[in-house]
Each structure stands twice: as structure tokens, then as C-alpha cells.
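Mapping to the UniProt record's numbering: the sequence shown position 64 is 64, numbers consecutive. Take a look at the structure set out below.
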Amino acid sequence: KYYDKLTVAGHGQGLKVKQTGEMGKGIFAERDFQEDELVLQDRMLVGAQHFSNKGDSFVCNFCFCYIGSIELQIGRRLFLRSINKENGDGLHHQHSLQCSDKKTKMGLHIPEELVESLLNGKLSLPYSEKFPLPSVTNCIGGCSDEHYCSTSCAEAAWETFHSILCTGERSLCKNKAGLLDFKQHADETNDIFHVVAQVISTVILKSRKAKKNPQFSWSEVLNIWEPFAMGYKRLWWDCVALPDDIDPIEEPQFRKEIKELAWTSLQLLKGAIFEDESAPLFSLQVYGNIIGMFELNNLDLVVASPVEDYFIYIDDLPHSEKTEAEQMTRPLLEALGDDYATCCE
């Protein structure tokens, strides 16, 4: 019935979800589709940008499109990289450790004044107007972590999940210090905890809104949970794949540590946003199953970088225009190195 309702709403017309014997649920076509015909259009239930990717891609935290300008995108990468080199940590640190063999870390040094000009909009790069990006919209709650491409995306994120996951002055979170602890733990251990927090926050906020209706019934809460209930689940510590560098003999200990990691994350989130009416959401069983659902069903979203497109455009210019443009762009490209093509993940 749930999938039939989605079809009526215009999601996946001509498709049918069926249960298969060995592989679980599958999507089957009930008619022939023409070449280039749209087969399925839907939006993600929840999603989060990888922490290690935030230094390379400045995107809307709701729809994940790139924001600002080509100049801001390039300047921000160079600025964060310079901070990383100075103090050995920061937003780009994890990514740097994973990619330390890339020539990007040996990139050409760019004067600080030039980076500042890119960041504050005082410098315009040649042909950057051909790659316009939405202007930056700040978080409604005033936090510095989240930015958006529009007021509509900012409001949608706020109403859907972010208002109780915000650390800004106007946040609805009861314990912002505890929330900061939760976020730091997720950044340092596993990004998936951010996504699970979005699930729980979404259910809490939608339930609050539903309860304001005089005709409210608890069946509405079940309807709110239904999209997440439909996902195939197993406990995270039971279904996560054993890493290649872990000896099979050590598997029981590995799974025990994963369970303890989830428990620690849950306690931090519980300390930040717990409320009695939503207590069932904060059990380790539910938390572990939500994480397991993403472990088994997660899809990586990749958004192509306009910075890569920009440099390719410059490279494809006629010789005279290219030579003139590269007087400004070549040093920036060399400073970025291979990372110039890093996309949003």
C-alpha cells in the first residue's frame, strides 16, 4: 500500500515494488520505457555531506547544490588548506591524512591577499560568470555549520530536522553543548550518526506538528515513521562488513566495539535532544537498526563540481583567450592540484 501511494503521487509510475525470494525487495518495470524517458524521480529521505568532503565542496546542506561563486569555492579550498598546514588539523585534516600522497598537498603557494580577494568577492576570475551559483543563505537558527542555496531550502531543512540539530542562538535544541559533543563524536568516528540524528529529529518534529491538531491520533505518528519503517533493516553491528585488515578471529571483538560505538553516539544524542514522548526512538535497538538500514541500503550521492567544469572550460578556450585567462587561473589550478576536480560527496 505504501508503494502504491507513492505511485499515485507520481513517483515511479510504471514501476512496481515486489518481494523476491533471495534478494528482498526489488523494483520491477510494468511497461517498456523509451530511451531517455524519466523512469523514477524521488527525493532522498535524509542525507549528509561527508565531513572529510566539506573542505573541498561548499554546498547547500539540504539539496547539496554548490553555492556562492567559483571564486568563493576556490578561495575557500585554498584558505582551509592553509589553515590545515599551519595547525595540522581542522576541517580538511581527515581528508589530508587519507590523501597525503597526492601532489595537491604540494601545490603552489598562493599569496594570502589573493585568497582573501577570492573569498570576499573583490576578485573576479575570467569567464566565471558563465558558471553562476546560487548565493549563500545562512541557517535560520544562526549556526555556522549549515548554509543553503535559498530561503526555501533553509526553511525546509529547519522545519524537517535542523531546528533541533542546530547549535545557533535560535536553535530549539535543549542542550546545545551536548549536541556539539554528539556532532564532534560523529565527525571523528562515523558520518552515519549525523544521518541517523536527522531521522530521529524528523520524526520528533513532524510528531510535534501533528499533535497541535485537535484531531490528532497516534496513528499519525506511525504514518510519519512509515517511510523509514519500509527500509530493510538489521542491527548495524551484525550486518556491517568485516574490514579487510581485521582478522576473522577478531570479528566478535570488532562487532562488540561497533555496538559500543553506537551506544556512545546514542547517549550523546539522547543527552542533547531527548524528550519523553519520543523515548522509543532512543533505544539502542532502534538506533542500531536505523544505522543498519543505511549500511544495507545507503546510496552515495555525487554532485559534479563546477570548479572542475570551470577549469575545463578555460582549457578548451581558443589559444589567445586561454593564454590570457591562464595568467590568473593557472596558479590557482596548480595550487589546487588534482583536488581541483573533487566533487561533493
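Note that beta-carbon positions come from the ideal geometry of N, C-alpha and C, so glycine has one too. Note that this is a predicted model, so its numbers are computed, not measured.
List the endpoints of the continuous alpha helix (DSSP H) containing T264. In the sequence shown, the residue the question calls residue 264 occupies position 264. Taken as a continuous stretch (DSSP letters only), the alpha helix (DSSP H) holding T264 covers E251 to I273.
For I314, which three-state DSSP category applies? Working through the sequence shown from its first residue, we reach residue 314 at position 314. Here I314 sits in helix by DSSP.
May I ask which residues mark the beginning and end of the alpha helix (DSSP H) holding T202? In the sequence shown, counting from the first residue as 1, residue 202 sits at position 202. T202 -> alpha helix (DSSP H) spans I192 to K211.
Short check: CB of T202 to CB of V46, under 8 angstroms? Taking the first residue of the sequence shown as 1, we reach residue 202 at position 202. Taking the first residue of the sequence shown as 1, we reach residue 46 at position 46. In contact: T202 and V46 (Cβ atoms closer than 8 angstroms).
In its own chain, which residues sit with a C-beta less than 6 angstroms from the C-beta of K259, not counting the 5 before and 5 after it? For this step, residue 259 is matched to residue 259 along the sequence shown. Closer than 6 angstroms at Cβ, skipping near neighbours: W237.
Would you list the one or two residues that DSSP bridges to H147? Position 147 of the sequence shown, counted from the first residue, corresponds to residue 147. Paired residues: N138.
Going by CA-CA distance only, name the one from N61, Y148, L268 and C143 that's closest to H50. For this step, residue 50 is matched to residue 50 along the sequence shown. Answer by Cα proximity: N61.
Would you kindly work out how many angstroms separate the C-alpha atoms of E334 and G68, rounded to a whole number? Indexing the sequence shown from 1 puts residue 334 at position 334. Indexing the sequence shown from 1 puts residue 68 at position 68. Whole-angstrom Cα-Cα distance: 22 angstroms.
Could you tell me which residues DSSP pairs with Y66 in its beta bridges? Counting from one through the sequence shown, the residue named residue 66 turns up at place 66. DSSP output for Y66 lists V59 as bridge partner(s).
T342 lies in the alpha helix (DSSP H); which residues open and close that run? Counting from 1 along the sequence shown, the entry for residue 342 is found at position 342. Note, T342: premise wrong, no alpha helix (DSSP H); not H, not E.
Residues in the same chain with beta-carbon distance under 8 angstroms from S271, minus the five sequence neighbours each way, listed in chain order, please. Taking the first residue of the sequence shown as position 1, residue 271 is located at position 271. Residue 271 is actually Gly in this sequence, not Ser. Hits under 8 angstroms: N175, G178, D181 and F182.
Would you mind working out which of L266, D245, L268 and A241 sits nearest G255, comparing C-alpha positions? Indexing the sequence shown from 1 puts residue 255 at position 255. The amino acid at residue 255 is misidentified as Gly; the sequence shows Arg. Checking every option, the nearest Cα to that of R255 belongs to A241.
Endpoints, the alpha helix (DSSP H) within which F182 is located: Translated into positions along the sequence shown, residue 182 becomes position 182. That run of the alpha helix (DSSP H) goes K176 to T189.
Rounded to whole angstroms, what's the CA-CA distance from E295 to L235? Just pull it up for me. Along the sequence shown, one-based indexing puts residue 295 at 295. Along the sequence shown, one-based indexing puts residue 235 at 235. Using only the alpha carbons, I get a separation of about 9 angstroms.
Is there contact here, the segment 326-344 with the segment 303-313, by at least three beta-carbon pairs under 8 angstroms? yes
Is there contact here, the segment 187-197 with the segment 137-146, by at least three beta-carbon pairs under 8 angstroms? no
Short of 6 angstroms in beta carbon distance, which residues of its chain neighbour W158, apart from the five on each side in sequence? Order them along the chain. As a working mapping, residue 158 is identified with position 158 in the sequence shown. I140, listed in sequence order.
Measure the alpha-carbon distance for L97 versus M293 and round it to whole angstroms. Position 97 of the sequence shown holds residue 97. Position 293 of the sequence shown holds residue 293. Note that L97 scores a pLDDT of 29, beneath 50, so its modelled location is shaky; the value from the coordinates is reported in the next line. So the alpha carbons of these two residues sit roughly 29 angstroms apart.
Report the option in G168, T167 and S163 whose CA atom is closest to the CA atom of I204. Numbered from its first residue, the sequence shown carries residue 204 at position 204. Ranking G168, T167 and S163 by Cα distance to I204 puts S163 first.
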